[in-house]
Amino acid sequence: MAINIGVTAGIAKEVDDGAQLIIEAIVSTATDASTAGTTRIIASCVSGIYIVSRRGRDVVLPRFTEMDIALDRPLSVTKNAESTASIPASAATAHGN
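Numbering-wise, this note's numbering puts 672 at position 56 of the sequence shown, and it's gapless, one number per residue.
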């Protein structure tokens with residue numbers, strides 16, 4: 617989590633500075649004060665996209681890792697393909713289907 621927060625802060629800073637330079641290069645009357653709010657919004661959006669896209673990638677499980685799984689409702693697992701399609705994605709992933 618700390619790494620994700622650090623990377624997000626770095627991304628926000630770089631996007632803020634980069635967007636500000638681009639806007640000031642395109643708009644001749646733009647100043648640091650006039651572009652600061654806009655670039656912070658852009659930086660926040662890019663940082664948010666980074667955090668959302670990182671979901672689930674911070675844990676690596678080696679192959680054949682054993683774990684205990686608790687379900688909040690009964691689940692029956694059969695070998696035919698039709699019943700596998702009705703298993704929710706999270707349950708199917710947990711059982712290796």
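Note that beta-carbon positions come from the ideal geometry of N, C-alpha and C, so glycine has one too.
Buried versus exposed call for residue i [16 or more other C-beta atoms within 10 Å across all chains shown]
i	result
S644	exposed
T655	buried
Contact belief for residue i with residue j at Cβ below 8 Å, rounded distance in angstroms
i	j	result
A659	V631	4 Å
Residues near residue i in its chain [Cβ-Cβ closer than 6 Å; skip 5 each side]
i	result
S663	T624, I627, A628
V724	Nothing about residue 724 can be read from this structure; the chain reaches only from 617 to 713.
Backbone CA spacing between residue i and residue j [nearest angstrom]
i	j	result
I619	I639	30 Å
E682	C661	38 Å
D688	K695	22 Å
R670	A641	32 Å
V668	I685	25 Å
Assigned secondary structure, residue i (DSSP; H/G/I helix, E/B strand, else coil)
i	result
E682	coil
V693	coil
T645	coil
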